[in-house]
Amino acid sequence: MWCKHSFKIAQRLPKTILRDCHVTSCRSSQEMKRSVINVSPNTTEKSPRILITGGLGQLGTECAKLLRKNYGSENVILSDIIKPTEESLANGPFIFADILDFKGLQKIVVNYRIDWLIHFSALLSAVGEQNVPLAVRVNIEGMHNVIELAKQYKLRIFIPSTIGAFGPDSPRNPTPNVTVQRPRTIYGVSKVHAELLGEYYHHRFGLDFRCLRFPGVISSDPPGGGTTDYAVAVFHEGLVTRKYECYLEPHTRLPMMYIEDCLSALFQFLNTPNELLLRRVYNVTAMSFTPEELFSELKKHVPDLKISYKPDGRQYIAENWPQVFDDSEARRDWGWQHKYNLEKLVESMVRDVKKNFLTKRSLKEVNSYV
Ligand code: AKB
Numbered sequence: 001m002w003c004k005h006s007f008k009i010a011q012r013l014p015k016t017i018l019r020d021c022h023v024t025s026c027r028s029s030q031e032m033k034r035s036v037i038n039v040s041p042n043t044t045e046k047s048p049r050i051l052i053t054g055g056l057g058q059l060g061t062e063c064a065k066l067l068r069k070n071y072g073s074e075n076v077i078l079s080d081i082i083k084p085t086e087e088s089l090a091n092g093p094f095i096f097a098d099i100l101d102f103k104g105l106q107k108i109v110v111n112y113r114i115d116w117l118i119h120f121s122a123l124l125s126a127v128g129e130q131n132v133p134l135a136v137r138v139n140i141e142g143m144h145n146v147i148e149l150a151k152q153y154k155l156r157i158f159i160p161s162t163i164g165a166f167g168p169d170s171p172r173n174p175t176p177n178v179t180v181q182r183p184r185t186i187y188g189v190s191k192v193h194a195e196l197l198g199e200y201y202h203h204r205f206g207l208d209f210r211c212l213r214f215p216g217v218i219s220s221d222p223p224g225g226g227t228t229d230y231a232v233a234v235f236h237e238g239l240v241t242r243k244y245e246c247y248l249e250p251h252t253r254l255p256m257m258y259i260e261d262c263l264s265a266l267f268q269f270l271n272t273p274n275e276l277l278l279r280r281v282y283n284v285t286a287m288s289f290t291p292e293e294l295f296s297e298l299k300k301h302v303p304d305l306k307i308s309y310k311p312d313g314r315q316y317i318a319e320n321w322p323q324v325f326d327d328s329e330a331r332r333d334w335g336w337q338h339k340y341n342l343e344k345l346v347e348s349m350v351r352d353v354k355k356n357f358l359t360k361r362s363l364k365e366v367n368s369y370v
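Going by the UniProt record's numbering, the letters in the sequence shown line up with residues 1 to 370, in that order.
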């Protein structure tokens, strides 16, 4: 049954999507949109060949796993300038790629016949402040290279942005998709630059630029120089030593999401037909919490966890970022929905960190306490 809202959504969808999707009933426009959008990629179409830059960072390896499952191992090329572990080599091609070397990138795009580029290379907020010239090179010059490459070779390009793209002049609770953006970190400045340049290339040259602003992403990979990384570090340190010193104040509220939600947002967004995208840059989030709230949830798994607080420069960064992120436009336009709340996130992180990172000895210790 088709209601008036579903008709409007359907008018904006390409025929292939409508043909492939299975709509049985329509209780609300939102539900209709979800059932329409949640189609898996069309299996009759040729799989895209995808290059991931900065592939050995927090998101790359897991993202490659998800894409390889959907598009085939050989079609997803993970790249970085650091030496891969055996595990990163196990599931598909890995190559050296320096985003500051334009010719080198051109060679890769041509030799591997790349269609989509996922550009993860970047210095995060805290580490960027420690080496601003390097952050300018990697986050800005590197991005200039990949965006130009995407334009020349007509690639679909995804560049993540962040809650760090906002600053003290932005509304913090909630922070809408479009508002004042005057960040106070080089990381934030570089991300606003990427958002604007991407939008400009889209309007000027028709570049298929796509960008999601992620909140703090929580995964079992060790912390990588971000301000939200306390929410990762506490699992690594807390599970082994049962104590953690937090560099943010207990009431510092920030938007967050579990990696699985982050990657499903990315996957769904990459596969959304252009006709449905009313913007090139969308906020996405799953929840907001403070250190105090996270630690009290973790204490359900580690009852003798001892927390102390020693705020440092990262406190200043965090208190100028959004507290609650408004992602209603992503939910409306392409059906974004998160799965993990705080309770599920903590449960999954305890499981992931134990499984992936703790040595046999420390795992034995952990199990005797948890
Ligand atoms: C950071 O804290 O720098 C990142 C981010 C929120 O973009 N995790």
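For every residue, glycine included, the Cβ atom is placed at its ideal position computed from N, Cα and C. Please read all numbers here as calculations on a predicted model, not as lab measurements.
Where residue i falls, given that 16 or more other Cβ within 10 Å makes a residue buried
i, result
"LEU134", "exposed"
"LYS300", "exposed"
"PHE205", "exposed"
"LEU64", "The sequence shown places Ala at residue 64, not Leu. Under this definition ALA64 is a buried residue."
"PHE214", "buried"
"PRO291", "buried"
"ALA90", "exposed"
"GLN58", "buried"
"ASN139", "buried"
"SER125", "buried"
"SER28", "Note on SER28: pLDDT 42, under 50, position unreliable in the model; the coordinate value appears next. Classification of SER28: exposed, given that the 10 Å Cβ count is below 16."
"LEU196", "exposed"
"ASP312", "exposed"
"ARG314", "buried"
"GLY72", "exposed"
"ILE17", "With a pLDDT of 36 at ILE17, under the threshold of 50, the predicted position of this residue should be treated as unreliable, though the coordinate-derived value follows. Buried is the call here."
"ARG113", "exposed"
"PRO303", "exposed"
"PHE120", "buried"
"ARG253", "buried"
"THR241", "exposed"
"SER308", "exposed"
"LYS103", "exposed"
"LYS191", "buried"
"ASP261", "buried"
"PHE269", "buried"
"PHE289", "buried"
"PHE209", "buried"
"PHE96", "exposed"
"THR24", "Unreliable positioning characterises THR24 in this predicted model, as indicated by a pLDDT of 28, which lies under 50. The coordinate reading is nonetheless provided below. So THR24 ends up on the exposed side."
"ASN320", "buried"
"GLU129", "buried"
"THR85", "exposed"
CB contact below 8 angstroms: residue i versus chain B
i, result
"ALA64", "Structure shown: chain B not included; a single protein chain is present."
Beta-bridge partners of residue i, as assigned by DSSP
i, result
"PRO255", "SER288"
"residue 373", "Since the displayed the chain opens at 1 and closes at 370, residue 373 lies outside it and no answer follows."
"CYS246", "TYR309"
"LEU212", "TYR282"
"VAL76", "ILE50"
"ILE218", "TYR258"
"THR175", "PHE325"
"PHE267", "DSSP lists no partner for PHE267."
"ILE95", "SER79"
Open item on the list: Pairs of beta-carbons, one from the segment 74–81 and one from the segment 52–59, closer than 8 angstroms: are there three or more?
Closed with: yes
- [ ] Flag this pair as touching only if the segment 319–331 and the segment 170–185 have three or more C-beta atom pairs under 8 angstroms; answer yes or no.
- [x] yes
- [ ] Determine contact between the segment 145–159 and the segment 236–245, defined as no fewer than three beta-carbon pairs at a distance below 8 angstroms.
- [x] no
Task: Every unbroken alpha helix (DSSP H) inside the segment 109–165 [4 residues or more] - done: 125–130, 132–135, 142–153
Open item on the list: Does the structure place the segment 298–317 close enough to the segment 220–239 that three or more beta carbon pairs sit under 8 angstroms?
Closed with: yes
Open item on the list: Count Cβ pairs between the segment 327–341 and the segment 184–194 that sit closer than 8 angstroms; are there 3 or more?
Closed with: no
Task: Given 8 angstroms, three or more beta-carbon pairs between the segment 274–281 and the segment 339–355 - done: no
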